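Chains as they are written, first to last, in the numbering used here: chain A, 2 to 257; chain B, 14 to 240; chain C, 20 to 307. We put the CB at the ideal spot given by N, CA and C, even for glycine. These figures come from a predicted structure and were not determined experimentally. Note sheet for the following structure.
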Amino acid sequence: MTPLFQVKGLSKNYGTHIGCRDVNFDLYPGEVMGIVGESGSGKSTLLNCMAGHLTPDAGQVMFDTRAEGMKDTLEMSEPERRMLSRTDWAFVHQHARDGLRMNVSAGGNVGERLMAVGARHYGEIRDTAIDWLDRVEIKESRIDDRPSAFSGGMQQRLQIARNLVTGPRLVFMDEPTGGLDVSVQARLLDLLRSLVREMGLSAIIVTHDLAVVRLLADRLMVMKDGHVVESGLTDQVLDDPQHGYTQLLVSSVLQV
Amino acid sequence: MIEISNVSKTFTLHNQGSAVIQVMDGANLSVAAGECVALTGSSGAGKSTLMRMIYGNYLAASGRILVGDVDVATAEPREIIQLRREVLGYVSQFLRVVPRVATLDVVAEPLLSLGVPAEEAEARARDLLAQLRIPERLWSLSPTTFSGGEQQRVNIARGFAHTYPAMLLDEPTASLDAQNRETVLSLIEEAKSRGAAIIGIFHDEAARDRVCDREINVSDFTPKAAA
Amino acid sequence: MSDYNFAYLDEQTKRMIRRAILKGLAIPGYQVPFASREMPMPYGWGTGGVQVSAATLTPDDQFKVIDQGADDTTNAVSIRKFFERTAGVETTEETAKATVIQTRHRIPEEDLTEDQILVYQVPIPEPLRFLEPSEIETRKMHSLEEYGLMHVKLYEDIARHGAIATAYAYPVKVEGRYVMDPSPIPKFDNPKMEMAAIQLFGAGREQRIYALPPYTKVVSLDFEDFPFEASKADACCDLCGAEDSYLDEVITDDQGGRMFVCSDTDYCRSRREAGHVGALGMAQEDAA
Chain A
2 MTPLFQVKGL SKNYGTHIGC RDVNFDLYPG EVMGIVGESG SGKSTLLNCM AGHLTPDAGQ
62 VMFDTRAEGM KDTLEMSEPE RRMLSRTDWA FVHQHARDGL RMNVSAGGNV GERLMAVGAR
122 HYGEIRDTAI DWLDRVEIKE SRIDDRPSAF SGGMQQRLQI ARNLVTGPRL VFMDEPTGGL
182 DVSVQARLLD LLRSLVREMG LSAIIVTHDL AVVRLLADRL MVMKDGHVVE SGLTDQVLDD
242 PQHGYTQLLV SSVLQV
Chain B
14 MIEISNVSKT FTLHNQGSAV IQVMDGANLS VAAGECVALT GSSGAGKSTL MRMIYGNYLA
74 ASGRILVGDV DVATAEPREI IQLRREVLGY VSQFLRVVPR VATLDVVAEP LLSLGVPAEE
134 AEARARDLLA QLRIPERLWS LSPTTFSGGE QQRVNIARGF AHTYPAMLLD EPTASLDAQN
194 RETVLSLIEE AKSRGAAIIG IFHDEAARDR VCDREINVSD FTPKAAA
Chain C
20 MSDYNFAYLD EQTKRMIRRA ILKGLAIPGY QVPFASREMP MPYGWGTGGV QVSAATLTPD
80 DQFKVIDQGA DDTTNAVSIR KFFERTAGVE TTEETAKATV IQTRHRIPEE DLTEDQILVY
140 QVPIPEPLRF LEPSEIETRK MHSLEEYGLM HVKLYEDIAR HGAIATAYAY PVKVEGRYVM
200 DPSPIPKFDN PKMEMAAIQL FGAGREQRIY ALPPYTKVVS LDFEDFPFEA SKADACCDLC
260 GAEDSYLDEV ITDDQGGRMF VCSDTDYCRS RREAGHVGAL GMAQEDAA
């Protein structure tokens with residue numbers, strides 16, 4: 002089986018400061034990879050380099066495109082990359098306002114990606130939007146409300162619906178539950194788990210919360226100071242950490 | 014079906030003065046289809062550790078752990094995940110569940126992740142829960158609030174939902190009354206007769222004698238005390 | 020020095036504007052940046068249209084100016100006088116006689132010919148501006164033909180009002196490529212944009228020029244199940260009886276009395292001269 006996504010030797014510096022250095026991994030269809038680390042570990046830099054928001058200094062980011070097989074996304078033209086990020090890729094931001102249009106209704110937000118790839122039937126677009134809002138547990142009656150009228154958890158779920166409506170194969174998530182209340186987080190994680198399984202999504206999730214990765218991720222990469230210090234099966238890395246930093250991280254988690 | 018050769022395990026605690034603790038060395042074990050092997054040994058000897066290594070939850074320091082034709086000690090994470098989904102089942106001592114998921118869904122999950130249609134998966138789940146005498150009114154509730162014994166039975170139901178060719182059972186009859194213990198032992202016998210290779214840890218001698226064909230004492234794999 | 024250079028602007032400026040115009044004609048619907056000059060009227064009063072007219076006029080041209088269809092509003096009169104003074108060109112109110120027509124927010128009712136140029140005054144040239152405030156982003160969207168957002172706007176209209184509520188400045192797709200703001204003409208005028216004349220669009224404050232060569236394909240955006248409708252008031256002109264011209268609604272007294280008259284004053288006048296009479300025709304002075 003060919004991997005869906007391959008990162009080779011990815012590095013990014015900020016002047017003399019290492020953002021991330023020499024990151025390598027393969028991601029297969031249906032796999033969820035967690036990237037954990039504390040502030041300054043380089044995990045957000047890595048995520049943004051992979052997703053095409055930042056330009057890395059070295060390395061390749063290969064993706065198995067539908068039409069042309071494995072291609073290095075860093076070598077793609079901007080129109081190609083933008084098209085990719087509207088169809089096969091999705092990006093869930095930590096703050097919903099970065100991933101939504103706050104002055105457009107919920108239905109419009111969900112329908113935008115459809116319209117961007119040529120949907121031209123209002124009724125069908127609206128039906129698809131209603132269907133997706135239902136899947137993320139947002140009531141149909143709120144379809145015409147603006148996200149500014151939603152709670153944080155609802156905004157985040159709307160962001161997820163907006164991203165998944167075109168059936169992407171790879172989802173990047175940046176602290177998807179950050180800043181949300183605990184019960185809201187739990188609901189969101191349930192939703193993500195079932196969507197990932199139902200849609201056979203591959204996902205890369207960056208977080209500092211070990212409980213989130215245990216729940217969502219099959220595999221885990223631990224980062225410190227821009228380097229990947231350990232990686233493997235999530236439960237193995239968390240239950241039998243080999244690297245000193247991972248051991249420190251795991252033992253620091255407060256038990257409820 | 015399960016073959017362990019020359020497996021060792023060492024824990025290095027980097028943040029506690031780099032203390033190195035070698036817990037296992039030269040472990041060998043072989044379990045054929047239809048066999049049930051018990052791991053024995055005093056508390057702390059490494060029974061659960063060995064079981065976790067077979068499951069891939071702990072990393073073996075050296076050696077080979079073959080389950081079917083996958084070497085868990087060196088396999089890729091996705092291979093291990095596939096193995097756990099299709100081939101290797103594990104019933105741990107404690108029920109670990111995602112909060113807020115209904116008991117029925119907890120038990121049906123292994124089948125759903127194999128692509129079994131929802132109705133069929135739920136039917137099997139109901140069947141097992143009924144066998145293990147979990148009252149129907151509890152099926153739609155999350156098991157996190159159940160008693161220890163009830164949780165253990167949900168754990169077992171989930172473990173036996175799919176017909177795994179290989180199974181690891183860690184104290185499956187602990188916290189169970191005589192009736193339920195009987196049910197669990199029948200489930201194990203049923204699994205054996207359909208050809209599953211089983212490794213179990215049983216503190217209950219009677220249970221062990223009933224279902225297990227052989228015993229392996231893991232103390233045999235404890236490294237000789239160093240100076 | 021009391022003499023002005025022909026049409027006020029110096030020759031180099033006119034060359035610069037003409038280059039922008041040529042580029043605009045070569046890429047229909049594409050907004051060409053140009054170095055908009057200080058004009059003797061403030062921004063928002065037609066400086067873009069005036070600069071395009073100034074660069075386009077030749078001494079033999081017949082120049083007409085309309086403002087919301089009328090030749091006799093203050094602004095139309097001012098601009099007409101401006102060019103009479105600085106270019107010395109002949110001016111006219113008759114659409115058929117004009118060779119260059121500068122317009123604010125309307126297209127004349129009468130069909131234009133291949134010998135005519137229509138110059139539009141444009142306030143905000145960017146059709147996506149109110150959805151995407153970033154200029155960098157909208158430029159990218161145009162260059163990559165990413166117009167999903169435009170349909171989002173129309174979607175929002177239908178969701179909120181049950182129909183596409185945009186009544187003027189209705190966005191169009193030009194030659195199947197660029198999405199363009201036709202300036203705040205009523206959507207009733209959109210179909211007229213497929214015409215024989217050259218159309219030039221000037222935005223002075225925003226410093227953009229765009230253009231449509233003759234017979235360019237111009238399609239108003241819509242949805243399959245909510246097609247575009249070029250609608251107008253459901254009435255006839257009370258002066259000349261025209262059924263197919265865009266109408267102004269004029270309040271005549273403080274008891275709610277009103278009348279509808281052609282917005283295009285020259286069109287109404289020529290119809291009346293030809294003998295057409297509306298419901299209130301002949302009995303009243305022109306109110307428009």
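- Within chain A, no C-beta atom comes less than 9 Å from the C-beta of S61 (chain B); the nearest is roughly 11 Å away.
- C:S264 is the residue among C:S264, C:V296, C:Q121 and C:F247 whose C-alpha sits nearest the C-alpha of Y286 (chain C).
- Annotated as distal: S45 (chain A) and D226 (chain A), with beta-carbon spacing of 8 Å or more.
- Just measuring C-alpha positions, the residue of A:S203, A:M224 and A:S152 sitting nearest L189 (chain A) is A:S152.
- A distance below 8 Å separates the beta carbons of G223 (chain C) and G67 (chain C).
- In terms of beta-carbon proximity, Y229 (chain C) stays away from the interface with chain A, with every pair separated by 8 Å or more.
- Contact note: E109 (chain C) does not reach chain A at a C-beta cutoff of 7 Å; the least C-beta distance is about 48 Å.
- A straight-line Cα-Cα distance of about 25 Å links D145 (chain A) and P169 (chain A).
- At least 8 Å separates the CB of Q156 (chain A) from every CB of chain B.
- Counting only the Cα atoms, M14 (chain B) lies some 5 Å from A45 (chain B).
- Using a Cβ distance threshold of 8 Å, A115 (chain C) and E129 (chain C) count as a contacting pair.
- Every unbroken stretch of the beta strand (DSSP E) spanning 3 or more residues and falling wholly within the segment 65–99 of chain B is given here in chain order: 75–80.
- In the DSSP secondary-structure assignment, S203 (chain A) is bridged to A:L171.
- When the five nearest sequence neighbours on each side are left out, the beta carbons in the same chain lying within less than 6 Å of the beta carbon of K13 (chain A) are those of G20, C21, T46, C50, P57 and D58, in order along the chain.
- The C-beta distance from S61 (chain B) to D183 (chain B) rounds to 6 Å, short enough to meet the 8 Å contact threshold.
- For G108 (chain A), the neighbours in chain C by C-beta distance under 8 Å run, in chain order, Y174 and A178.
- Among the residues facing chain A, G167 (chain C) is included, as its CB has a counterpart in that chain under 8 Å away.
- Look at H170 (chain C): its C-beta is under 8 Å from a C-beta on chain A.
- The continuous beta strand (DSSP E) containing E231 (chain A) extends over residues H228 to L234.
- Closest by C-alpha distance to Q29 (chain B), out of A:M84, A:G245 and A:R220, is A:G245.
- The Cβ-Cβ distance between S21 (chain B) and A74 (chain B) falls below 8 Å.
- Rounded to whole angstroms, the gap between the alpha carbons of E175 (chain C) and G124 (chain A) is 13 Å.
- Here S43 (chain B) is bridged, per DSSP, to B:E16.
- With a threshold of 8 Å between beta carbons, A204 (chain A) makes no contact with chain B.
- At a cut-off of 8 Å, the C-beta of R91 (chain B) has a neighbouring C-beta in chain A.
- Going by beta carbons, N209 (chain C) and P201 (chain C) fall inside the 8 Å limit.
- The continuous stretches of alpha helix (DSSP H) do not include Y197 (chain C), which lies in the beta strand (DSSP E) extending over residues Y197 to M199.
- In summary, Q31 (chain C) is exposed, with fewer than 16 beta-carbon neighbours lying within 10 Å of its beta-carbon over all protein chains present.
- By the criterion of at least three beta-carbon pairs nearer than 8 Å, the segment 135–143 of chain C is in contact with the segment 68–86 of chain C.
- Contacts with chain A at 8 Å (Cβ-Cβ) include L163 (chain C).
- Contact annotation, N110 (chain A) with R143 (chain A): C-beta distance approximately 11 Å; criterion of less than 8 Å not satisfied.
- Annotation: the segment 192–247 of chain C contains no complete segment of the alpha helix (DSSP H) (minimum length 4 residues).
- With at least 16 other beta carbons inside 10 angstroms of its own, K211 (chain C) counts as buried.
- In chain order, R121, H122 and Y123 make up the part of chain A whose C-beta sits under 8 Å from the C-beta of E243 (chain C).
- In this structure, E225 (chain C) lies near P144 (chain C), with their beta-carbon atoms less than 8 Å apart.
- Under the three-state reduction of DSSP output, A179 (chain B) falls in the strand class.
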